[in-house]
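Asker: Using the working numbering, read the sequence shown as starting at 482 and increasing by one per residue.
Note that CB positions come from ideal geometry on N, CA and C, so glycine has one too.
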Amino acid sequence: MQKTKNKKSGDPTKRLIVGISGASGAIYGIRLLELLRETEIETHVIISRAAQMTIATETDLKVADIEALADVVHPNQDVGAACSSGSFQNLGMVIAPCSVKTLSEIASGVTANLISRAADVALKERRRVVLMLRETPLHLGHIRSMAAVTEAGAIVYPPVPAFYAKPQSLEDMVDHSLGRVLDLFDINLGTVRRWSGLKKKAKAD
482 MQKTKNKKSG
492 DPTKRLIVGI
502 SGASGAIYGI
512 RLLELLRETE
522 IETHVIISRA
532 AQMTIATETD
542 LKVADIEALA
552 DVVHPNQDVG
562 AACSSGSFQN
572 LGMVIAPCSV
582 KTLSEIASGV
592 TANLISRAAD
602 VALKERRRVV
612 LMLRETPLHL
622 GHIRSMAAVT
632 EAGAIVYPPV
642 PAFYAKPQSL
652 EDMVDHSLGR
662 VLDLFDINLG
672 TVRRWSGLKK
682 KAKAD
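1. According to DSSP, what are the bridge partners of C579?
2. Tell me which residue opens and which closes the alpha helix (DSSP H) that T631 is part of.
3. Once you ignore the five residues that flank G590 on each side, which residues in its own chain have a CB closer than 7 angstroms to its CB?
4. Just confirm the distance between the C-beta atoms of S568 and T535, as a whole number of angstroms; I'd bet it's less than 8 angstroms.
5. In angstroms, rounded to a whole number, what distance separates the CA positions of V581 and H623?
6. Using C-beta distances below 6 angstroms, list every residue in its chain close to S626, excluding the 5 sequence neighbours before and after it, in chain order.
7. To which residues does DSSP link T485 through a beta bridge?
8. L514: which of G678, L663 and K647 sits nearest, CA to CA?
9. Just reading off the alpha helix (DSSP H) that R512 is part of, what are its end residues?
10. Mind checking N669: buried by the 16 CB within 10 Å criterion, or exposed?
11. So if DSSP puts R496 in a beta bridge, which residue, or which two residues, is it bridged to?
12. Take the Cβ of P640 as the centre, count every other Cβ of all protein chains shown within 10 Å, and call the residue buried at 16 or more, exposed below.
13. Alpha carbon to alpha carbon, what distance is there between K605 and E539?
14. Given a cut-off of 8 angstroms, decide if R598 and I560 are closer than it, judged by their beta-carbon atoms.
15. In angstroms with no decimal places, state the Cα-to-Cα distance between L651 and T672.
16. Let me confirm a value: R607 is counted as buried when at least 16 other C-beta atoms fall within 10 Å, else exposed. Which label applies?
17. Mind checking which residues open and close the alpha helix (DSSP H) that includes D601?
18. Spatial neighbours of L665 within its chain, please: C-beta separation below 7 angstroms, excluding the five flanking residues on both sides.
19. State the beta-bridge partners of M534 as determined by DSSP.
20. Just to confirm the assignment, what range does the alpha helix (DSSP H) spanning D541 have?
21. Is the beta carbon of P493 sitting closer than 8 angstroms to the one on Q558?
22. If distances are taken between C-alpha atoms only, which option among L614, C579, P578 and C564 comes closest to A603?
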């Protein structure tokens, strides 16, 4: 059963589903919710059981702390939740971080839980689905799953740092990656240092 934490306008064109799977990099999902908290975007979060273990390992936060950042919380086992239906209008879905297991389920059309079901539904409705894949190195099976999920319409977005932005902290790198993800939904929070071309040195006379 879903839990509503914070109330926003309820505009279906401003809903974003955020899945947090068990891959390393829980900070990406957490920070995404933090960034969207002060916007008009209504966030619907789904946290897998494996993600709960990763959160406990990588952060000092409790799952309840992260759920409190979202507007609506859906249990991952609730495959009958609102976001499991194509009639639930939304902008799309970000899975941050995205494990290879989750990516492979989506690529093959397996919907064993709400995260994979919500992604599958978003794809069939031709909505944007961004998978922040956290895995390296990759074997051929991983690459084939990445190709399959891309053919289905998803965007595989490994959170690779943009060093041209000269990040000063881990948060800078995380925020830049998330800003680029949100660009894909036409959401600009001002966290991206835009590339403006190489600066040419003035020639000496």
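Answerer: Quick look at the numbers:
1. Here the question's residue 579 lines up with position 98 in the sequence shown. Paired residue(s): L614.
2. Start at 1 with the first residue of the sequence shown, and residue 631 comes out as number 150. Counting along the chain, the alpha helix (DSSP H) containing T631 begins and ends at L621 to E632.
3. As a working mapping, residue 590 is identified with position 109 in the sequence shown. Excluding positions up to five away in sequence, the list reads D601.
4. On the sequence shown, residue 568 is found 87 positions in, with the first residue counted as 1. On the sequence shown, residue 535 is found 54 positions in, with the first residue counted as 1. So it is not a contact: roughly 32 angstroms between Cβ atoms.
5. On the sequence shown, residue 581 is found 100 positions in, with the first residue counted as 1. On the sequence shown, residue 623 is found 142 positions in, with the first residue counted as 1. If I take the Cα positions, the gap works out to 7 angstroms.
6. The residue labelled residue 626 in the question sits at position 145 within the sequence shown. Taken in chain order, the residues that qualify are L584, S585 and A588.
7. Looking up residue 485 in the sequence shown gives position 4. Answer is V553, bridged to T485.
8. The count along the sequence shown starts at 1 and reaches residue 514 at position 33. Nearest C-alpha to L514: L663.
9. Stepping through the sequence shown from its first residue, residue 512 is reached at position 31. First-last of the alpha helix (DSSP H) with R512: A507 to R518.
10. Locating residue 669 in the sequence shown gives position 188, where the first residue counts as 1. So N669 counts as exposed.
11. On the sequence shown, position 15 is the one that residue 496 refers to. Looking at the DSSP assignment, R496 forms a beta bridge with E523.
12. Here residue 640 refers to the residue found at position 159 of the sequence shown. Result: buried.
13. Along the sequence shown, read from residue 1 onward, the residue named residue 539 stands at position 58. Along the sequence shown, read from residue 1 onward, the residue named residue 605 stands at position 124. Their Cα atoms are separated by approximately 34 angstroms.
14. The sequence position of residue 560 within the sequence shown is 79, counting from 1. The sequence position of residue 598 within the sequence shown is 117, counting from 1. Reading off the sequence, residue 560 comes out as Val, not Ile. Contact flag set, yes.
15. Locating residue 651 in the sequence shown gives position 170, where the first residue counts as 1. Locating residue 672 in the sequence shown gives position 191, where the first residue counts as 1. Their Cα atoms are separated by approximately 13 angstroms.
16. Mapped onto the sequence shown, residue 607 falls at position 126. That one is exposed.
17. Position 120 of the sequence shown, counting from 1, holds the residue named residue 601. First-last of the alpha helix (DSSP H) with D601: L595 to K605.
18. Counting from one through the sequence shown, the residue named residue 665 turns up at place 184. Excluding residues within five positions, the ones whose Cβ falls inside 7 angstroms are R609, V611 and I636.
19. Locating residue 534 in the sequence shown gives position 53, where the first residue counts as 1. Its beta-bridge partners do not exist; DSSP assigns none.
20. If you number the sequence shown from 1, residue 541 lands on position 60. First-last for D541: undefined, no H or E at that position.
21. In the sequence shown, the residue the question calls residue 493 occupies position 12. In the sequence shown, the residue the question calls residue 558 occupies position 77. Contact: no.
22. Here residue 603 refers to the residue found at position 122 when the sequence shown is read from its first residue. Comparing Cα positions, the closest option is C564.
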